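Colleague: Sequence positions in the sequence shown follow our numbering and run 4 to 75.
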Amino acid sequence: YRVLGSYYATGHLCTHYKARLVTGVLSQEGRLTCPWHAACFNVTSPAAISDIEEAPATTALHKYRTVVEDGK
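Next up, the structure:
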């Protein structure tokens, strides 16, 4: 995800019922909402996993390191 000029990467399935998050909604502040049951995650959290902001998610999303080199 690109949020406020920074890049983030997480797992692609919601931890509740495994909905594909590619069809979810990402706010300008980095809040990712699942399309099925409205579980919310903060993809910009500094931890190694995303913060759960709203239930019914059971666990946080795994986050992956991102690197931008030469604008890519």
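C-beta: ideal position from N, C-alpha, C; glycine also. Bear in mind the structure is a predicted one, so any value in this text is a computation, not a measurement.
1) For V28, which three-state DSSP category applies?
2) Would you identify the three-state DSSP class for T13, choosing helix, strand or coil?
3) With respect to the beta strand (DSSP E) encompassing D54, which residues constitute its N-terminal and C-terminal limits?
4) Let's see if you can read the secondary structure: which residues bound the beta strand (DSSP E) around C43?
5) Is it buried or exposed for Y20, if we count other Cβ within 10 angstroms and need 16 for buried?
Modeller: Working from what's here:
1) Along the sequence shown, one-based indexing puts residue 28 at 25. Three-state DSSP puts V28 in a strand.
2) As a working note, residue 13 is residue 10 in the sequence shown. Of the three classes helix, strand and coil, the one that applies to T13 here is strand, per DSSP.
3) The residue you call residue 54 lines up with position 51 of the sequence shown. Where D54 is concerned, the enclosing beta strand (DSSP E) stretches over D54 to E57.
4) Indexing the sequence shown from 1 puts residue 43 at position 40. C43 to N45 is the span of the beta strand (DSSP E), which, as asked, contains C43.
5) Taking the sequence shown and counting its residues from 1, one reaches residue 20 at position 17. Classification for Y20: exposed.
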